[in-house]
Amino acid sequence: MPPQTRYFSQFRPNFLRKGEKYPQVCWTNRYILRVFYDGKRFACTRVKDFKNSASAIPPPGHRQKNVERQASSHRDFVVKSRHPRRAPAHLNLAGALLPATGAKVSQVKSQVDVDLLSINTIRTLAIDAVQQANAGHPGAPMGLAPVVYSLWQKYLRYNPADPTWPNRDRFVLSAGHASMLLYATLHLAGVRLVNSKGAATNDLAVSMEEIKRFRQIDSRTPGHPESHLTTGVETTTGPLGQGAGNSVGMAIASKWLGENYNRPGFEIFDFNVYAVCGDGDLMEGVACEAASLAGHLKLSNLCWVYDNNRVTLDGPAEWSFSEDVATRFAGYGWNVTRVTDANDLEMLAHAYENFLKTKDRPTLIIVDSHIGYGSPHKQDSYEAHGEPLGEAEVKLVKRNYGWPEDAKFLVPDGVYDQFKNGVGKRGAQAHAAWRNKFEEYKKQFPPEADQINRMLTGKLPDGWDKGLPSFPADPKGIATRESSGKVLNTLAKNIPWLIGGSADLAKSNKTNLTFDGAGEFLPHQYRGRNIHFGVREHAMGAAINGMTLCKLRAFSGTFFNFSDYMRPSMRLGALMEIPAIYIFTHDSIALGEDGPTHQPVEQLASLRAMPNMMVLRPGDANEVVEAYKVILQHTHGPCSLVLTRQAVPTLDRTKYTPASGVAKGAYILADAGGGKPDVILMASGSEVSLCVDAYERLKAEAIKARVVSMPCWELFEKQDPAYKASVLPPDVTARVAVEMGATFGWERYTGAKGKILGMHSFGASAPLKDLLKKFGFSADNMVAAAREVLQK
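Reminder that position 179 of the sequence shown reads as 279 in our numbering, one-by-one numbering, no gaps.
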């Protein structure tokens, strides 16, 4: 029997592109189709079925559907029109061709209609919210609505009634500009608001009122998703690629948690992580680093969905992005599958099932979609990307969807029930089964269950600070990176979920966990606590954030100068107020011969300028101990621990004030007799010892001096005015600050009459002693500066 011919119900089918000649053979996920133009309409016949294949990607070197020119009696036709002459149809290559305008709101008769009605509800909520706000990105939600709907309804293990369920699948919208896609889904799924105590309430996380307040002041629907504002948003996204990096950290967390806490018959942690990415995400370096790391680690619980809509903000993606993404990710070691029509729910189902069956690598699903789907004048155009469609165009789109043209924020009858009976019912059942299993787990494995509960609630184990070292006075001293390594290992033994790694600098950063049982986190060996991020600082920062969002106490390590490589991730960590730990060593020009390419100068000032970021630069080994105590008890914001390469003296704490003053950010280390100084010397880090040397010399000259160690400005600023005035009395205006970095910011403490010794240029390549001499960091210069300010 000859193959059946099917005619498409629109001028140009969804997958046809400008400039392509027909007839041709199109390779889809399930069939090879021969597409031709008969002079009036487009049509296709099936050439081959892939009966047992859930995934069929084009051979290397072929774009999209492996187009091959074929001889035919039909005349060639070149697609010249940029847009369809009328609304695009919902083309289902796996079965019947769905109606061009979708199911009308008043004519729902079948499951196909209910699915399409629900999808179009997501689309129209996004369109209406963007239009009302007069700002936003409507195009991506219009194109991706079926992709997210299919995932949430059938595959995402998620309980809307309790969105903090520990073993829920994580959904990350890395393409954060498509935020209304997520907000609409959270609303329709009935995701409940979680209060400040971490308990789910009866209120919606995203109410209809919040959707109407999209992008407005103090709403829970900001322009890009913010996890600390909106329940159901797993991580803050917007800067492209960051969500992709976070998702890798989440997948690492799931693997580590499962390996360490699961027991036979008790799979307490096995959640999957899904991230929706766009062209921009995959162009960003952080996503490239993260994809490489995920492929290396064979994170089979990770699925990225790539929205291949071929449009960027400036214009067609081909202007700037032409690589073979499938081949690239295959090279990373990923499983790659393709959905050639974002509207084909059956094809999407096959792709998601293919991911769930893949146990040895992460999965990339390439979804060919249409930005601004259904817009007669803006579909497949950059004009649908980052601005409202316009009232007239909105009406045309709604007409194409079978929607009442003047209805705004409409949720038709049956849509809420569709989500309730889909993700709501599945999620509640999965959560209940998990809860019952965990109750039995607590009976059989009480120590492990206690650890899990403490970890999830942000509490530390009893005795978490047991055995911390105390360092004896030593004029030669020890590098603060060395003392950090000793403290970190002690803490990690006491806190089982303290885990992290370095960007190929663990031996230099002293972040290696070396105690028995620490182990390495490697492909298919996910029990270890030393993660080898490789030279991928940016992805490391994003992954640490993702791990922290999964309640691990995660730390990273690299040279301080390379904090710039991970700064965007750190900024989002600060915005989310998550307790990530960023460890930096080689903190100044004192690292020596490696020179100015590696010597940080402006980094301290830069990080101190970042809201919610706590920067600690301890002055000796015992201040390092106290700094870690602060960090581990700090639960609402990230910490940057800044450490030396070179040895610094360990101060005699019987002679000087105990290091416990670190908890207040700044404290009086040494003081004039009677506590009434004439001059105040202040510093952080290795320069504290310079202040101490200068203090002793001034004391010998009968000059009343005070030394203030200032390891953390942020903590000091949180102290009450009385304490701050006791450390820095307003009437003592003779002040000298010293720091081997940019002087920016110190003037708030030195005042108009004070003096700052710091860096006013980049460093140089030379031995330490020569650098200190060249740039003026000596006790002699401190004493001279003190005398100078006393003369003012």
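Positions of the beta carbon are idealized from the N, C-alpha and C atoms, including for glycine.
Buried or exposed: which applies to residue 506, given that a residue is buried once 16 or more other Cβ atoms fall within 10 Å of its Cβ? What you label residue 506 is simply residue 406 of the sequence shown in a count that begins at 1. Per the 10 Å Cβ criterion, exposed.
Given residue 660 as reference, the closest of 686, 304, 218 once Cα atoms are compared: Along the sequence shown, one-based indexing puts residue 660 at 560. When each option's Cα is compared against that of residue 660, the closest is 686.
With 16 other Cβ atoms within 10 Å as the buried cut-off, status of residue 637: To locate residue 637, count along the sequence shown from 1; it is residue 537. Residue 637 is buried by the Cβ-count criterion.
Using only the alpha-carbon positions, how far apart do residue 584 and residue 717 sit? Within the sequence shown, numbered from 1, the residue matching residue 584 stands at position 484. Within the sequence shown, numbered from 1, the residue matching residue 717 stands at position 617. The alpha-carbon atoms of residue 584 and residue 717 are separated by roughly 11 Å.
Roughly how many angstroms lie between the CA atoms of residue 240 and residue 477, to the nearest whole one? One-based indexing of the sequence shown puts residue 240 at position 140. One-based indexing of the sequence shown puts residue 477 at position 377. Whole-angstrom Cα-Cα distance: 15 Å.
Identity of the residue in 828, 341, 719, 566 nearest residue 787 by Cα: Taking the first residue of the sequence shown as position 1, residue 787 is located at position 687. It is 719 whose Cα lies nearest to the Cα of residue 787.
Excluding the 5 residues preceding and the 5 following residue 429 in the sequence, name in chain order all residues of the same chain whose CB lies nearer than 8 Å to its CB. In the sequence shown, counting from the first residue as 1, residue 429 sits at position 329. Hits under 8 Å: 391, 395, 436, 464.
Output the boundary residues of the alpha helix (DSSP H) element that contains residue 432. If you number the sequence shown from 1, residue 432 lands on position 332. Secondary structure note for residue 432: its alpha helix (DSSP H) is the uninterrupted segment 425-432.
Segment limits, beta strand (DSSP E) that includes residue 632: As a first step, residue 632 must be located in the sequence shown, where it is residue number 532. Here the beta strand (DSSP E) through residue 632 covers 630-632.
What do you reckon, are the CB atoms on residue 336 and residue 676 nearer than 7 Å? Taking the first residue of the sequence shown as 1, we reach residue 336 at position 236. Taking the first residue of the sequence shown as 1, we reach residue 676 at position 576. Yes, these two residues count as a Cβ contact at 7 Å.
Backbone secondary structure at residue 155 - three-state DSSP: Start at 1 with the first residue of the sequence shown, and residue 155 comes out as number 55. Because the pLDDT of residue 155 is 39, which lies under 50, any placement of that residue in the model is unreliable, and the number read from its coordinates should be weighed accordingly. Annotated three-state conformation of residue 155 is coil, per DSSP.
Measuring straight from C-alpha to C-alpha, what distance separates residue 790 and residue 809? Within the sequence shown, the letter at position 690 stands for residue 790. Within the sequence shown, the letter at position 709 stands for residue 809. Distance between the alpha carbons of residue 790 and residue 809: 11 Å.
Looking only at DSSP bridge pairs, what is residue 265 linked to? Along the sequence shown, one-based indexing puts residue 265 at 165. Beta-bridge pairing links residue 265 to no other residue.
Have a look at residue 853 and residue 835 and give me their C-alpha separation to the nearest angstrom. Counted from its first residue, the sequence shown places residue 853 at position 753. Counted from its first residue, the sequence shown places residue 835 at position 735. In this structure, the CA atom of residue 853 is about 7 Å from the CA atom of residue 835.
Nearest neighbour of residue 492, chosen from 462, 399, 468, 475 [CA to CA]: What you label residue 492 is simply residue 392 of the sequence shown in a count that begins at 1. It is 475.
I need the DSSP call for residue 711, collapsed to helix, strand or coil. On the sequence shown, residue 711 is found 611 positions in, with the first residue counted as 1. Residue 711 falls in the coil class under three-state DSSP.
If you measure between the beta carbons of residue 707 and residue 713, is that distance less than 7 Å? Position 607 of the sequence shown, counted from the first residue, corresponds to residue 707. Position 613 of the sequence shown, counted from the first residue, corresponds to residue 713. Less than 7 Å divides the Cβ of residue 707 from the Cβ of residue 713.
What does DSSP give as the partner residue(s) for residue 404 in the beta ladder? The residue given as residue 404 occupies position 304 in the sequence shown. Note: residue 404 sits in a beta bridge opposite 375, 464.
Note down, in chain order, each residue of its chain lying with its Cβ closer than 6 Å to the Cβ of residue 181, except the 5 sequence neighbours on either side. Counting from 1 along the sequence shown, the entry for residue 181 is found at position 81. Any reading at residue 181 is ruled out, since the residue's pLDDT is 30, under 50, leaving its predicted position unreliable.
With respect to the beta strand (DSSP E) encompassing residue 750, which residues constitute its N-terminal and C-terminal limits? Against the sequence shown, residue 750 aligns to sequence position 650. First-last of the beta strand (DSSP E) with residue 750: 747-750.
What separation, rounded to the nearest whole angstrom, lies between the Cα atoms of residue 278 and residue 683? Residue numbering aside, residue 278 sits at position 178 when the sequence shown is read from its first letter. Residue numbering aside, residue 683 sits at position 583 when the sequence shown is read from its first letter. C-alpha separation (whole angstroms): 33 Å.
Helix, strand or coil: which one does DSSP assign to residue 625? As a working note, residue 625 is residue 525 in the sequence shown. The answer is strand: DSSP assigns residue 625 an E or B state.
How many whole angstroms separate the CB atoms of residue 642 and residue 276, which I take to be in contact at a CB cut-off of 8 Å? The residue given as residue 642 occupies position 542 in the sequence shown. The residue given as residue 276 occupies position 176 in the sequence shown. That belief does not hold up - the Cβ atoms of residue 642 and residue 276 are roughly 13 Å apart, past 8 Å.
What is the DSSP secondary structure of residue 219, reduced to helix, strand or coil? For this step, residue 219 is matched to residue 119 along the sequence shown. Residue state, collapsed to three classes: helix.
Identify every residue that forms a DSSP beta bridge with residue 855. As a first step, residue 855 must be located in the sequence shown, where it is residue number 755. For residue 855, which the question treats as bridged, DSSP gives the partners 836.
Pairwise C-alpha distance: residue 740 and residue 729: Here the question's residue 729 lines up with position 629 in the sequence shown. Here the question's residue 740 lines up with position 640 in the sequence shown. For residue 729 and residue 740, the distance between alpha carbons rounds to 13 Å.
Can you tell me the Cβ-Cβ gap for residue 527 and residue 313, rounded? I've got them flagged as a contact below 8 Å. Numbered from its first residue, the sequence shown carries residue 527 at position 427. Numbered from its first residue, the sequence shown carries residue 313 at position 213. Contact flag wrong, Cβ pair sits at about 27 Å.
Helix, strand or coil at residue 160 [DSSP, three-state]: The residue labelled residue 160 in the question sits at position 60 within the sequence shown. Low confidence applies to residue 160: its pLDDT is 37, below 50, so where it sits in the model is not reliable, and the reading given next is rough at best. Correct three-state label for residue 160: coil.
Cβ neighbour criterion (16 or more within 10 Å) applied to residue 672: Working through the sequence shown from its first residue, we reach residue 672 at position 572. It is buried - the Cβ of residue 672 has at least 16 other Cβ atoms within 10 Å.
Using the rule of at least 16 other Cβ atoms within 10 Å of the residue's Cβ for burial, across every protein chain shown, is residue 400 buried or exposed? Looking up residue 400 in the sequence shown gives position 300. Answer is buried; the Cβ neighbour count reaches 16.
Distance between residue 653 and residue 549 (C-alpha atoms, nearest Å): For the purposes of this step, residue 549 is taken as the residue at position 449 of the sequence shown. For the purposes of this step, residue 653 is taken as the residue at position 553 of the sequence shown. So the alpha carbons of these two residues sit roughly 17 Å apart.
Could you please give the first and the last residue of the uninterrupted alpha helix (DSSP H) stretch that includes residue 317? Sequence index remark: in the sequence shown, residue 317 carries index 217 (1-based). Counting along the chain, residue 317 falls outside any alpha helix (DSSP H), and DSSP gives it neither H nor E.
Cα-Cα separation between residue 293 and residue 633, rounded to whole angstroms: Along the sequence shown, read from residue 1 onward, the residue named residue 293 stands at position 193. Along the sequence shown, read from residue 1 onward, the residue named residue 633 stands at position 533. Cα to Cα, the separation comes out at about 35 Å.
Length of the line joining the Cα atoms of residue 771 and residue 807: As a working note, residue 771 is residue 671 in the sequence shown. As a working note, residue 807 is residue 707 in the sequence shown. Going by the C-alpha atoms only, they are around 6 Å apart.
Expressed to the nearest angstrom, what Euclidean distance is found between the alpha-carbon atoms of residue 892 and residue 387? Your numbering for residue 892 matches position 792 in the sequence shown. Your numbering for residue 387 matches position 287 in the sequence shown. Going from the Cα of residue 892 to the Cα of residue 387 covers about 55 Å.
I'd like to know if the region 318-332 and the region 609-617 are in contact, where contact means that at least 3 CB-CB pairs between them fall below 8 Å. no
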